[in-house]
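What follows is a single structure, written as structure tokens, with notes after it.
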Amino acid sequence: DAGVTQSPTHLIKTRGQHVTLRCSPISGHKSVSWYQQVLGQGPQFIFQYYEKEERGRGNFPDRFSARQFPNYSSELNVNALLLGDSALYLCASRETVLNEKLFFGSGTQLSVL
Amino acid sequence: AQSVTQPDIHITVSEGASLELRCNYSYGATPYLFWYVQSPGQGLQLLLKYFSGDTLVQGIKGFEAEFKRSQSSFNLRKPSVHWSDAAEYFCAVGLNAGKSTFGDGTTLTVKP
Chain A
1 DAGVTQSPTH
11 LIKTRGQHVT
21 LRCSPISGHK
31 SVSWYQQVLG
41 QGPQFIFQYY
51 EKEERGRGNF
61 PDRFSARQFP
71 NYSSELNVNA
81 LLLGDSALYL
91 CASRETVLNE
101 KLFFGSGTQL
111 SVL
Chain B
1001 AQSVTQPDIH
1011 ITVSEGASLE
1021 LRCNYSYGAT
1031 PYLFWYVQSP
1041 GQGLQLLLKY
1051 FSGDTLVQGI
1061 KGFEAEFKRS
1071 QSSFNLRKPS
1081 VHWSDAAEYF
1091 CAVGLNAGKS
1101 TFGDGTTLTV
1111 KP
């Protein structure tokens, strides 16, 4: 069975640009969470979605947005990129919001120059 | 506000030796507690979790963790470390797995 897949795996952008990161959850998983992991730090929660509705948002500016599609895949969008947005962006899925086993993808490494 | 502290940034142990990774947390309510492992270039894998019940929790790969409410700690242990255990380990807390607060991790090096 396929795990959580994220695309692209690596991305280079310049300041001020926009980026879209994509995530396909494990088949049957309806909840997706996004995390940002800056080098040398632990992951920081950005968004959680369940059944296409936002179920939580971390302490990130409005430049960060996300959505979940009817097939439960998800996109994370970041506008007006800053150098500090350079990080590994991790997507994780689970069957429902009541299930406490979270499965992570390998992430998208974003570099902002 | 919730927070997680992993006091040891880097730990080195010899193969076959025992391991304990420390985790202290601050949280208003009784949270879920998790330990994850991350190998280079990989996402995180759940080792074990705790919410209630027996305070000694068994996980995958021979790991266990003990919850101590009085110390707000959730330390991870393994009796005998294998070279393949070399990785970064993260402790996390939250009211649910999808919105967890993570510590900054402990990097484990295993000496032959």
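One line per chain: the protein sequences are A and B, in this order. Heads up: the first sequence begins at 1 in our numbering, then just goes up one per residue. Heads up: the second sequence begins at 1001 in our numbering, then just goes up one per residue. Virtual Cβ for every residue (Gly too), placed ideally from N, Cα, C.
For histidine 1010 of chain B, the enclosing beta strand (DSSP E) begins and ends at 1010-1014. DSSP, reduced to helix, strand and coil, places lysine 101 of chain A outside both helices and strands of the structure shown, so it counts as coil.
At a cut-off of 8 Å between C-beta atoms, glutamine 41 of chain A counts as an interface residue with respect to chain B.
Taking a C-beta cut-off of 7 Å against chain B, the contacting residues of the region 94-106 of chain A are Arg94, Val97, Glu100, Lys101, Leu102, Phe104, Gly105, Ser106, listed in chain order. With a beta-carbon spacing of about 25 Å, serine 7 of chain A and valine 97 of chain A fall beyond the 8 Å limit used to define contacts. Taking a contact as a CB-CB distance under 8 Å, the pair lysine 101 of chain A and leucine 1046 of chain B counts as one, their CB atoms being some 6 Å apart. Annotation: the continuous beta strand (DSSP E) that includes threonine 1106 of chain B extends over 1106-1111. Rounded to whole angstroms, the gap between the alpha carbons of threonine 1109 of chain B and glycine 1016 of chain B is 13 Å. The alpha-carbon of serine 1052 of chain B is positioned some 22 Å away from that of valine 1037 of chain B.
Classified as exposed, phenylalanine 69 of chain A has fewer than 16 neighbouring CB atoms from the shown chains inside 10 Å of its CB. Taking the CA atoms as reference points, glycine 84 of chain A sits about 16 Å from glycine 58 of chain A.
Between glutamate 95 of chain A and glycine 28 of chain A, the CB-CB gap stays under 8 Å. Contact between leucine 81 of chain A and valine 112 of chain A holds: their C-beta atoms lie close to 5 Å from each other, under 8 Å. Rounded to the nearest angstrom, the gap between the Cα atoms of serine 1018 of chain B and glycine 1062 of chain B is 11 Å.
With a threshold of 8 Å between beta carbons, glutamine 48 of chain A makes contact with chain B. Of all residues in the region 1041-1072 of chain B, only Gly1041, Gln1042, Gly1043, Leu1044, Gln1045, Leu1046, Lys1049, Phe1051 place a beta-carbon less than 8 Å from a beta-carbon of chain A. Isoleucine 26 of chain A carries a coil assignment under DSSP once its states are collapsed to helix, strand and coil. According to the DSSP assignment, valine 38 of chain A belongs to no beta strand (DSSP E), since it is labelled neither H nor E. At least 8 Å separates the CB of serine 65 of chain A from every CB of chain B. Looking only at A:Val38, A:Ser86, A:Phe45, A:Asn99, the smallest Cα-Cα distance to lysine 13 of chain A is reached by A:Ser86.
Contact between the region 15-22 of chain A and the region 1080-1091 of chain B is absent, with fewer than three C-beta pairs closer than 8 Å.
If you look at histidine 10 of chain A, you'll find it in the beta strand (DSSP E) that goes 10-13. In the structure shown, lysine 52 of chain A falls within a coil segment according to DSSP collapsed to helix, strand and coil. Within the same chain, Leu1076, Tyr1089, Thr1106 come within 6 Å of leucine 1021 of chain B by CB-CB distance, once the 5 residues on both sides are set aside.
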